[in-house]
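Residue numbers (the UniProt record's numbering): 1 to 473. Heads up, the beta-carbon is just placed ideally off N, CA and C, and yes, glycines get one too.
Shown next, in the form of structure tokens:
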């Protein structure tokens with residue numbers, strides 16, 4: 001039964017397509033950008049963060065600027081890689097120590113259909129013998145393309161990060177259950193996931209630098225983010241898994257920094273400029289907020305000693321709330337209240353936005369097996385983009401032999417095609433002036449020998465066709 005991947009308003013007859021992030025996105029990831037300017041020490045009750053752009057801060061004790069002799073001892077690395085390991089999505093960025101403000105965010109992930117995304121799916125697929133198979137979008141697609149008897153033998157993990165928080169008796173023997181009901185040690189699962197990022201980052205940096213032999217281990221300093229509410233056992237398991245993945249070692253622990261997510265976000269906010277805060281709605285221009293002269297100014301111009309502020313970090317698995325205080329003119333800060341929060345992140349398919357219920361990954365059925373279709377029969381559906389100002393619209397087409405499939409993530413549902421519409425911003429603005437409601441019409445011809453599909457942007461008249469390939473995916 002061919003279907004399109006959509007994000008649907010609950011109890012509404014017209015499905016809504018969930019879109020990939022468009023190329024026009026201007027805001028860099030808060031945690032990744034911040035981590036390359038400073039960090040946090042999870043082992044102290046009062047944490048200090050340095051915003052110095054001379055690299056990552058020390059890993060033990062106060063996070064003030066380290067003394068010269070300590071900086072010299074830790075200056076062997078020339079690149080810093082920060083990994084934001086999230087519950088639902090993960091990503092990384094890197095910078096070179098001689099240009100700490102020049103941050104490179106990884107935007108092209110395997111399995112992502114020609115789009116620029118800052119994150120990949122936190123999904124891990126292991127072979128029946130426990131060896132690594134794939135991670136991210138590729139892991140999700142490969143698992144859903146497996147035949148049922150094969151899928152039951154593979155280990156597929158999603159949203160496994162929070163097991164480290166929920167398990168009150170966490171130990172090295174803690175196991176995580178895969179989709180097939182079998183379990184593997186948590187340390188093994190996290191090691192495979194972190195090793196994927198390690199290998200991917202080293203290959204990306206080595207290729208960019210023209211290093212055929214790759215980077216030496218001593219050349220890289222690693223940063224991993226963890227929620228502020230995590231307990232010490234969870235942080236320790238994360239560190240030990242990173243060691244096994246090749247990120248630093250027990251002999252060189254200073255090469256790995258475990259950073260708290262809200263503290264990284266706090267440092268990032270200090271680097272923000274008004275241009276980074278521009279509203280993405282076409283109905284409101286940034287000019288109406290600050291005027292032309294403020295775009296290059298920092299949001300926070302001066303931070304006086306004693307200034308306090310709150311950071312509310314709403315992630316995929318946790319919500320962290322922390323309160324910081326500025327300690328001096330250099331920007332060192334301390335945590336004046338113990339971090340609070342809970343495992344109440346947005347991990348459900350059903351979400352509420354703007355007083356409207358939405359549901360992701362809906363399996364919208366175009367035709368069902370044994371349906372009678374006439375020659376030339378056409379099925380039409382209308383979808384609304386997730387954001388009206390998107391310049392790239394992607395709709396995936398799925399098929400399944402299951403009659404009870406409800407979501408594109410269900411077992412036995414596989415992708416068999418994609419429709420992609422790209423539109424210049426200037427043409428989009430003209431279309432908005434004529435019709436503020438943007439809809440995309442998907443047309444599927446079912447009565448011929450082969451199934452054909454096309455998409456039409458009703459606001460602009462842009463039209464694309466696709467061949468549904470049941471073999472390539």
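Check whether residue i and residue j have beta carbons under 9 angstroms apart
i	j	result
residue 222	residue 80	yes
residue 130	residue 120	no
residue 316	residue 86	yes
residue 228	residue 263	yes
residue 327	residue 334	yes
residue 360	residue 351	yes
residue 459	residue 443	no
residue 415	residue 144	yes
residue 160	residue 122	yes
residue 440	residue 457	yes
residue 336	residue 308	yes
CA-to-CA distance, residue j to residue i, given in whole angstroms
i	j	result
residue 181	residue 175	12 angstroms
residue 319	residue 134	29 angstroms
residue 140	residue 148	15 angstroms
residue 191	residue 451	43 angstroms
residue 340	residue 311	11 angstroms
residue 183	residue 98	44 angstroms
residue 201	residue 108	12 angstroms
residue 447	residue 247	55 angstroms
residue 391	residue 209	32 angstroms
residue 118	residue 77	25 angstroms
residue 242	residue 92	15 angstroms
residue 257	residue 266	17 angstroms
residue 397	residue 365	10 angstroms
residue 271	residue 331	12 angstroms
residue 363	residue 110	24 angstroms
residue 166	residue 461	50 angstroms
residue 230	residue 150	36 angstroms
residue 44	residue 178	Note that residue 44 scores a pLDDT of 35, beneath 50, so its modelled location is shaky; the value from the coordinates is reported in the next line. Each residue's Cα considered, the two are about 35 angstroms apart.
residue 367	residue 408	15 angstroms
residue 406	residue 399	12 angstroms
residue 73	residue 261	Its pLDDT being 43, under 50, residue 73 is placed unreliably by the model, and nothing is read from it.
residue 382	residue 419	14 angstroms
residue 88	residue 374	43 angstroms
residue 101	residue 355	39 angstroms
residue 185	residue 95	33 angstroms
residue 521	residue 268	No answer is possible for residue 521: it lies beyond the span of the chain, which begins at 1 and ends at 473.
residue 244	residue 158	21 angstroms
residue 49	residue 324	Low per-residue confidence applies at residue 49: pLDDT is 34, beneath 50, and the placement is therefore not dependable, though the value from the model is reported in the following sentence. Those two C-alpha atoms are separated by around 10 angstroms.
residue 304	residue 313	23 angstroms
residue 220	residue 127	30 angstroms
residue 196	residue 82	14 angstroms
residue 259	residue 226	6 angstroms
residue 353	residue 369	35 angstroms
residue 463	residue 215	46 angstroms
residue 249	residue 239	9 angstroms
residue 357	residue 438	19 angstroms
residue 453	residue 170	50 angstroms
residue 232	residue 384	45 angstroms
residue 168	residue 90	24 angstroms
residue 449	residue 142	28 angstroms
residue 162	residue 138	22 angstroms
Presumed contact (8 angstroms Cβ cut-off) between residue i and residue j, rounded CB distance
i	j	result
residue 187	residue 172	6 angstroms
residue 164	residue 237	6 angstroms
residue 106	residue 218	So it is not a contact: roughly 22 angstroms between Cβ atoms.
residue 154	residue 194	The pair is not a contact, with the Cβ atoms about 20 angstroms apart (cut-off 8 angstroms).
residue 421	residue 380	Their Cβ separation, rounded to whole angstroms, is 16 angstroms, which puts residue 421 and residue 380 out of contact at 8 angstroms.
Beta-bridge partners of residue i, as assigned by DSSP
i	result
residue 90	120
residue 259	225
residue 185	175
residue 104	94
residue 350	359
residue 314	319
residue 306	In DSSP, residue 306 forms no bridge with anything.
residue 79	96, 220
residue 393	421
residue 165	None; residue 165 has no bridge partner.
residue 252	249
residue 231	Note: residue 231 sits in no beta bridge, so no partner.
residue 138	Per DSSP, none; premise fails for residue 138.
residue 132	126
residue 324	309, 335
Within-9 angstroms CB hit, residue i to chain B
i	result
residue 91	This model lacks chain B altogether, as it is built from one protein chain only.
Residue i Cβ short of 8 angstroms to the ligand MG heavy atom set
i	result
residue 438	The ligand content of the structure shown is nil, which means the ligand MG is not present either.
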